[in-house]
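In my numbering, the protein residues as written are 1 to 316.
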């Protein structure tokens, strides 16, 4: 009986993701919840998505089947490694990495950049009252730009390697908005600070930047925490028990284990309320959650617009 694995054999073992392992060697343990979300039959709060897994009720996560066997099944490193090695040598796996994200990214292409950005700056600074320093911050870092064809504002989300994976358009002369074809909401517009444990959650990039403007106006630091736009909101239907976390939030938390506190700033409507309730239902007990969604205004930007209007009135 083998007592050790060669480096190349161990590399093969570490390559096996949990979805591939379960689908090939423990198929009865695998339950599909949606097009890109799986759970285990034993632990219905252990979700697999986008090549990673997270056991939400325990706060345990990882990428590989090896991580799973050690952290969830309580196996030693050697026992887990040898089990996987025996499985893949006796029956080579059929890889199950048909993740929705990878399929989308093949067709994803950013619109052409406009040589000027005056429409974008006018819309964000003058019409939406977002602080110019904050607009500059995102513009100079490549998070936003003006599209050449329709002069809309483009908000961009990046993956861990700095590659564009999500983009959403917002008209500067109309009221429409839409995601660019092939966008992956796993990587919705966000600002990450890996050393900070607070996450602010919004429906849209404009609300995110509006909140940062309000913080700046109060003399507070506006970019030292974590800020995430969900790219929209949704109702939970008839039963909150069968609802799912917004994919952008789920993926953010899986990749940012330092987060301890979540502050919600969703819209003051049914979709915003029910999205907040879903988040609290699934994550309460794991995180400190504070609901700071507007009560008297539609959204965060409307608060900013109202404050700006009141200041102008007082100056007259």
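Idealized CB from N, CA, C, for every residue including glycine. Computed from a predicted model, the values in this text were never measured in an experiment.
- Under the 8 Å Cβ criterion, the stretch 284–303 counts as touching the stretch 203–212, having at least three qualifying pairs.
- By the C-beta criterion, the stretch 62–76 is judged not to be in contact with the stretch 142–155, since fewer than 3 inter-stretch pairs fall below 8 Å.
- Boundaries for residue 257: no beta strand (DSSP E) harbours it, and the DSSP string shows neither H nor E there.
- By the CB criterion at 7 Å, residue 93 and residue 175 fall outside the cutoff.
- Listed in chain order, the beta strand (DSSP E) elements of length 3 or more contained wholly in the stretch 128–159 are 144–146, 153–158.
- For residue 228, the enclosing beta strand (DSSP E) starts and ends at 226–229.
- Taking residue 117 as reference, the option from 195, 152, 79, 37 with the minimal CA-CA separation is 152.
- Judged by DSSP secondary structure, residue 67 falls within the alpha helix (DSSP H) whose first and last residues are 65–71.
- Within the same chain, 55, 57, 72 come within 8 Å of residue 43 by CB-CB distance, once the 5 residues on both sides are set aside.
- Cβ neighbours of residue 120 within its own chain (closer than 6 Å, five residues either side excluded): 146, 153.
- By the C-beta density criterion, residue 140 is exposed, having fewer than 16 other C-beta atoms within 10 angstroms.
- CA-CA distance, residue 127 to residue 234, rounds to 27 Å.
- Under the three-state reduction of DSSP output, residue 166 falls in the strand class.
- Judged by beta-carbon spacing, residue 252 lies beyond the 7 Å limit of residue 243, meaning their Cβ atoms are not closer than that value.
- For the 7 Å CB-CB criterion, residue 198 and residue 261 form a contact.
- In the three-state DSSP reduction, residue 37 falls in the strand class (E or B).
- When the Cα atoms are used, residue 114 and residue 17 turn out to be separated by approximately 42 Å.
- With a 10 Å radius around the Cβ and a threshold of 16 neighbouring Cβ atoms, residue 48 comes out buried.
- If you draw a straight line from the Cα of residue 179 to the Cα of residue 172, it is about 15 Å long.
- Here residue 293 is near residue 266, since their CB atoms are less than 7 Å apart.
- A Cβ-Cβ distance of about 6 Å is found for the pair residue 231 and residue 168, placing them in contact under the 8 Å criterion.
- For residue 219, no alpha helix (DSSP H) segment is defined, and its DSSP state is neither H nor E.
- With a cutoff of 7 Å on beta-carbon distance, residue 66 and residue 14 are scored as near each other.
- Straight across, the Cα-Cα distance linking residue 31 with residue 123 is about 46 Å.
- At least 7 Å separates the beta-carbon of residue 286 from that of residue 61.
- Burial is judged here by how many other beta carbons sit within 10 angstroms of a residue's own beta carbon; residue 164 has at least 16 and is buried.
- Remark: C-beta atoms of residue 201 and residue 226 do not approach each other more closely than 7 Å.
- Cα atoms of residue 109 and residue 203: separation of roughly 23 Å, rounded to the nearest angstrom.
- The bridge partners DSSP lists for residue 85 come to none.
- The alpha carbon of residue 37 has as its nearest neighbour, out of 134, 221, 246, 88, the alpha carbon of 246.
- Taken through DSSP and simplified to helix, strand or coil, residue 284 comes out as strand.
- When the alpha-carbon of residue 310 is set against those of 53, 52, 51, 129, the nearest one is in 129.
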